[in-house]
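Number 94 in the UniProt record's numbering belongs to position 94 of the sequence shown; there are no gaps in the numbering.
The C-beta atom is built at its ideal place from N, Cα and C for all residues, glycine as well.
Shown next, in structure tokens, is the structure this report addresses.
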Amino acid sequence: MNPIISVWREPKKTTQYMLDHNKSTFSLILFAISGIGIVLNALQESGTMNDVPLLYVVLIFLAGAPIAGILSFYINVGLNTIVGRWLGGTANAKRMKKAVGVTVIPNLYLTAITAVFAIIYGPQFFETPGFQEISSLPTTAAVVLGAFTLLISIWQLIVTSKALGVIHEFSSWRGFGVTLIGGILIAAIIIPIVTAIVLTSM
Numbered sequence: 001m002n003p004i005i006s007v008w009r010e011p012k013k014t015t016q017y018m019l020d021h022n023k024s025t026f027s028l029i030l031f032a033i034s035g036i037g038i039v040l041n042a043l044q045e046s047g048t049m050n051d052v053p054l055l056y057v058v059l060i061f062l063a064g065a066p067i068a069g070i071l072s073f074y075i076n077v078g079l080n081t082i083v084g085r086w087l088g089g090t091a092n093a094k095r096m097k098k099a100v101g102v103t104v105i106p107n108l109y110l111t112a113i114t115a116v117f118a119i120i121y122g123p124q125f126f127e128t129p130g131f132q133e134i135s136s137l138p139t140t141a142a143v144v145l146g147a148f149t150l151l152i153s154i155w156q157l158i159v160t161s162k163a164l165g166v167i168h169e170f171s172s173w174r175g176f177g178v179t180l181i182g183g184i185l186i187a188a189i190i191i192p193i194v195t196a197i198v199l200t201s202m
């Protein structure tokens, strides 16, 4: 079984395969690669790349992407394990590490698509949208990328819910609950920090 492909059709079986074959290292690698998407999303239309030399951009991706992905791996393992236990799950961190990589596979496809747009539009991809502009990209490109992002994000939520259900040995609905509560907890931490940064920079 190739988890990169099978997760689209059989997320539960793919998760069980990861558990049975102790894919902890594979999960970590998947998250490390997904760090490219994390960095791309952070820099897209941020305006931070306007005056940055190309060499620095490459270095940011080479160094920052894997670090962001690995950090995300351990946050996901810890959060999904703890919240899952709150909802009656059985998994510990060791079990979670084996298969949590399944949850990020759809995002790898989105990362590849986003990277194509970044390559095609170059510096424009990173520019801050003008006044009353929704995106710095041409309208058609922005709509297409937005559609891909929405569809893949929905499927990633479904995959994550089913995967966490298998890992914790409870229903996919409880898996969805883990995802929802985890998202709320992260937002509760990040939003005040971002707000404080914005207020201090004004």
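Can the beta-carbon of proline 123 be found closer than 8 Å to that of glutamine 156? Not in contact: proline 123 and glutamine 156 (Cβ atoms no closer than 8 Å).
Provide the residue span of the alpha helix (DSSP H) that contains residue 210, from first to last. The chain is shown from 1 up to 202; residue 210 falls before or after that span and cannot be answered.
Going by the CB atoms, is the gap between glycine 89 and histidine 168 shorter than 8 Å? Yes. Within cutoff.
What residue range is occupied by the uninterrupted alpha helix (DSSP H) comprising proline 106? Run containing proline 106: 105 to 121, per the alpha helix (DSSP H) assignment.
So, helix, strand or coil for threonine 15, using DSSP? If DSSP states are grouped into helix, strand and coil, threonine 15 belongs with the helices.
Applying the 10 Å Cβ sphere with the 16-neighbour rule, what's the burial state of glycine 35? Answer is buried; the Cβ neighbour count reaches 16.
Contact between the region 93 to 109 and the region 59 to 68 (3+ Cβ pairs under 8 Å): Taking 8 Å as the limit for Cβ pairs, the verdict is that the region 59 to 68 does not touch the region 93 to 109.
Using a 10 Å radius around the Cβ and a threshold of 16 neighbouring Cβ atoms, would you call serine 24 buried or exposed? Its Cβ being crowded by 16 or more others within 10 Å, serine 24 is buried.
Can you name, in chain order, every residue of its own chain whose Cβ lies under 6 Å from the Cβ of glycine 177, other than the five neighbours on each side? Same-chain partners within the cutoff: Leu87.
Proximity test, phenylalanine 26 beta-carbon vs the ligand ATP heavy atom, cut-off 7 Å: Of ligands this structure carries none, so the ligand ATP is not represented either.
If we ignore side chains and look at the alpha-carbon of each, how far apart do methionine 96 and isoleucine 70 end up? Going from the Cα of methionine 96 to the Cα of isoleucine 70 covers about 15 Å.
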